[in-house]
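A.B. asks:
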Amino acid sequence: MPTNTQMDVSIIIPVYNEVDNVEALYKEIAAALSLERFIYEVIFIDDGSTDGTAERLRLLSQNLPNLRVLYHRRNFGQSAGLLSGAKAAQYSMLVTLDGDGQNDPHDIPRLFEQRKDARTVVLGIRKKRDDNILRRLSSRIGNGVRKRLLNDDCPDTGCSLKLFPRDAFLALPHFNHFHRFLPALFKRAGFRLINLPVNHRPRRHGVSKYGIMNRLFVGIYDLIGVRWLLKRPCAPEVSTNEN
Numbered sequence: 001m002p003t004n005t006q007m008d009v010s011i012i013i014p015v016y017n018e019v020d021n022v023e024a025l026y027k028e029i030a031a032a033l034s035l036e037r038f039i040y041e042v043i044f045i046d047d048g049s050t051d052g053t054a055e056r057l058r059l060l061s062q063n064l065p066n067l068r069v070l071y072h073r074r075n076f077g078q079s080a081g082l083l084s085g086a087k088a089a090q091y092s093m094l095v096t097l098d099g100d101g102q103n104d105p106h107d108i109p110r111l112f113e114q115r116k117d118a119r120t121v122v123l124g125i126r127k128k129r130d131d132n133i134l135r136r137l138s139s140r141i142g143n144g145v146r147k148r149l150l151n152d153d154c155p156d157t158g159c160s161l162k163l164f165p166r167d168a169f170l171a172l173p174h175f176n177h178f179h180r181f182l183p184a185l186f187k188r189a190g191f192r193l194i195n196l197p198v199n200h201r202p203r204r205h206g207v208s209k210y211g212i213m214n215r216l217f218v219g220i221y222d223l224i225g226v227r228w229l230l231k232r233p234c235a236p237e238v239s240t241n242e243n
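Per full-length UniProt numbering, residue 1 is the first one in the sequence shown, and the count goes up by one each step.
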């Protein structure tokens with residue numbers, strides 16, 4: 001879509017134990033959007049952090065009117081964080097990204113450039129992953145299996161950098177780990193998916209909260225459930241005429 005008009009967006013960022021990353025990430029987002037015609041808010045969802053992330057965000061938000069913080073009483077997971085942020089968002093378009101700094105905020109304006117209309121979802125695709133070889137290999141296998149079974153038109157659903165309408169996101173079926181299947185769920189709802197190669201950077205501080213084994217078995221279980229969901233649509237054709 002044209003970028004010479006004003007764009008309103010809520011940036012949704014679930015975080016868990018990212019005390020050393022949140023301030024730098026907010027500053028990068030502000031720098032990336034200050035050069036464009038954006039009106040924006042940044043919503044961090046502290047997902048039960050135990051390292052001082054919540055306190056760091058609370059202090060930051062005192063002097064930054066477009067920084068909002070939500071707090072989960074315990075760790076509910078990334079999908080729950082996204083849902084909490086979306087429900088609280090005040091703008092009609094949402095951008096999601098990880099709280100570890102590996103997604104590049106300077107790619108956010110590029111997401112808007114690729115958006116064609118109100119029925120478009122733009123998905124970031126990590127063109128060169130800055131992860132170890134085991135993580136890259138397991139992700140490639142997982143993405144291949146998922147894409148084949150769900151036909152979701154997305155080669156890298158694990159990239160958190162995405163742009164989509166708030167009302168459409170809230171209308172999706174929500175369940176634990178549903179964030180891993182957003183392309184398939186949006187496609188099921190009739191949206192056009194656009195894949196955009198984006199930058200991927202090394203983690204600056206802290207450690208990843210995801211491992212290979214703690215995603216494998218849950219991922220298989222969820223994949224079976226989502227495939228079942230996609231095979232059972234309920235889309236009756238309605239007419240106002242009796243015949």
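For each residue, glycine too, the CB sits at the ideal point set by N, CA and C.
(1) Determine whether the beta carbon atoms of alanine 80 and isoleucine 43 lie at a separation below 8 Å.
(2) Could you spell out the range, first to last residue, of the beta strand (DSSP E) harbouring proline 183?
(3) Look up leucine 111 in the DSSP assignment and say whether it is helix, strand or coil.
(4) Answer yes or no: do leucine 83 and serine 160 have a C-beta to C-beta separation smaller than 8 Å?
(5) Are aspartate 46 and histidine 72 closer than 8 Å when you measure CB to CB?
(6) Tell me the start and end of each unbroken beta strand (DSSP E) in the stretch 30-59 that is at least 3 residues and wholly inside, in chain order.
(7) Sort Arg126, Leu185, His177 by Cα distance to proline 202 and report the nearest one.
(8) Quick check on this structure: which residue in Val19, Ile194, Asp222, Ile108 has the alpha carbon closest to the alpha carbon of leucine 149?
(9) By alpha-carbon positions, which one of Arg232, Asn195, Gly77 ends up nearest to phenylalanine 178?
(10) Cutting at 6 Å between CB atoms, please list the residues of its own chain near leucine 172, excluding the five before and the five after it.
(11) As a quick exercise: from Leu64, Ile108, Ala189, pick the residue whose alpha carbon is nearest that of leucine 229.
(12) Distance check for glycine 225 and tyrosine 40, CA to CA, integer angstroms please.
(13) Thinking just about the alpha-carbon of each residue, which of Ile194, Lys231, Val9 is nearest to the one in alanine 30?
(14) Can you give the Cα-Cα distance for isoleucine 11 and phenylalanine 38, rounded to whole angstroms?
(15) Would you say glycine 99 and leucine 25 are within 8 Å of each other, going by their C-beta atoms?
(16) The alpha helix (DSSP H) that contains serine 84, what's its start and end?
(17) Based on Cα-Cα distance, which residue from Gln62, Lys128, Arg192 lies nearest to aspartate 152?
(18) With which residues is arginine 192 paired in a DSSP beta bridge?
(19) Identify, in the order they occur along the chain, each residue of the same chain with its Cβ nearer than 6 Å to the Cβ of glutamine 114, setting aside the five sequence neighbours on each side.
(20) Would you tell me roughly how many angstroms separate the C-alpha atoms of arginine 204 and valine 238, rounded to the nearest one?
(21) Who pairs with asparagine 103 in a beta bridge, going by DSSP?
(22) Name the two residues that bound the continuous alpha helix (DSSP H) containing phenylalanine 169.
(23) Tell me whether proline 65 is buried or exposed, calling it buried when 16 or more other Cβ atoms sit within 10 Å of its Cβ.
(24) Checking 8 Å against the spacing of the C-beta atoms, do phenylalanine 181 and leucine 94 come in under that value?
(25) Among Glu23, Glu55, Leu70, Phe112, which one has its Cα closest to the Cα of leucine 33?
(26) For the beta strand (DSSP E) that contains proline 14, what are its first and last residues?
C.D. replies: Let me lay it out:
(1) On the sequence shown, residue 80 is found 80 positions in, with the first residue counted as 1. On the sequence shown, residue 43 is found 43 positions in, with the first residue counted as 1. In this structure, alanine 80 sits away from isoleucine 43, with a CB-CB distance that is not shorter than 8 Å.
(2) Position 183 of the sequence shown, counting from 1, holds the residue named residue 183. Boundaries for proline 183: no beta strand (DSSP E) harbours it, while the alpha helix (DSSP H) harbouring it runs 182-188, taken from the DSSP string.
(3) As a working note, residue 111 is residue 111 in the sequence shown. DSSP places leucine 111 within a helical segment (H, G or I) once states are collapsed to three.
(4) Sequence index remark: in the sequence shown, residue 83 carries index 83 (1-based). Sequence index remark: in the sequence shown, residue 160 carries index 160 (1-based). Cβ distance not < 8 Å, so leucine 83 and serine 160 don't count as in contact.
(5) Here residue 46 is taken as the residue at index 46 of the sequence shown, counted from 1. Here residue 72 is taken as the residue at index 72 of the sequence shown, counted from 1. Contact: yes.
(6) Complete beta strand (DSSP E) runs here, min 3: 38-47.
(7) The residue given as residue 202 occupies position 202 in the sequence shown. Of the candidates Arg126, Leu185, His177, the one whose C-alpha sits nearest the C-alpha of proline 202 is Arg126.
(8) Residue numbering aside, residue 149 sits at position 149 when the sequence shown is read from its first letter. Minimum Cα distance to leucine 149 is reached at Asp222.
(9) Position 178 of the sequence shown, counting from 1, holds the residue named residue 178. Comparing C-alpha distances from phenylalanine 178 to each of Arg232, Asn195, Gly77 shows the shortest one belongs to Gly77.
(10) Here the question's residue 172 lines up with position 172 in the sequence shown. Excluding its 5 nearest sequence neighbours in each direction, leucine 172 has C-beta neighbours in its own chain below 6 Å: Leu185, listed in chain order.
(11) What you label residue 229 is simply residue 229 of the sequence shown in a count that begins at 1. Of all alpha-carbon atoms in Leu64, Ile108, Ala189, the one lying nearest the alpha-carbon of leucine 229 is that of Ala189.
(12) In the sequence shown, the residue the question calls residue 40 occupies position 40. In the sequence shown, the residue the question calls residue 225 occupies position 225. Distance between the alpha carbons of tyrosine 40 and glycine 225 is about 35 Å.
(13) Against the sequence shown, residue 30 aligns to sequence position 30. If we check each option's Cα against that of alanine 30, Val9 comes out closest.
(14) Taking the first residue of the sequence shown as 1, we reach residue 11 at position 11. Taking the first residue of the sequence shown as 1, we reach residue 38 at position 38. One C-alpha to the other measures close to 11 Å.
(15) Translated into positions along the sequence shown, residue 99 becomes position 99. Translated into positions along the sequence shown, residue 25 becomes position 25. In this structure, glycine 99 places its C-beta atom within 8 Å of the C-beta atom of leucine 25.
(16) The count along the sequence shown starts at 1 and reaches residue 84 at position 84. For serine 84, the enclosing alpha helix (DSSP H) covers residues 78-88.
(17) Within the sequence shown, numbered from 1, the residue matching residue 152 stands at position 152. When each option's Cα is compared against that of aspartate 152, the closest is Arg192.
(18) As a first step, residue 192 is located in the sequence shown; it is residue number 192 there, counting from the start. Its beta-bridge partners are Thr120.
(19) Sequence index remark: in the sequence shown, residue 114 carries index 114 (1-based). Excluding its 5 nearest sequence neighbours in each direction, glutamine 114 has C-beta neighbours in its own chain below 6 Å: Val122, Ile194, Leu196, listed in chain order.
(20) On the sequence shown, residue 204 is found 204 positions in, with the first residue counted as 1. On the sequence shown, residue 238 is found 238 positions in, with the first residue counted as 1. Near 53 Å, if we compare the C-alpha coordinates of valine 238 and arginine 204.
(21) In the sequence shown, counting from the first residue as 1, residue 103 sits at position 103. Paired residue(s): His200.
(22) Sequence index remark: in the sequence shown, residue 169 carries index 169 (1-based). Unbroken alpha helix (DSSP H) run through phenylalanine 169: 166-171.
(23) Here residue 65 corresponds to residue number 65 of the sequence shown, with the count starting at 1. An exposed status is given to proline 65, since fewer than 16 other beta-carbon atoms sit within 10 Å of its beta-carbon.
(24) Taking the first residue of the sequence shown as position 1, residue 181 is located at position 181. Taking the first residue of the sequence shown as position 1, residue 94 is located at position 94. Taking 8 Å as the Cβ cut-off, phenylalanine 181 and leucine 94 do not qualify as a contacting pair.
(25) Within the sequence shown, the letter at position 33 stands for residue 33. Considering only alpha carbons, the answer is Phe112.
(26) For the purposes of this step, residue 14 is identified with residue 14 of the sequence shown, where counting begins at 1. Run containing proline 14: 7-15, per the beta strand (DSSP E) assignment.
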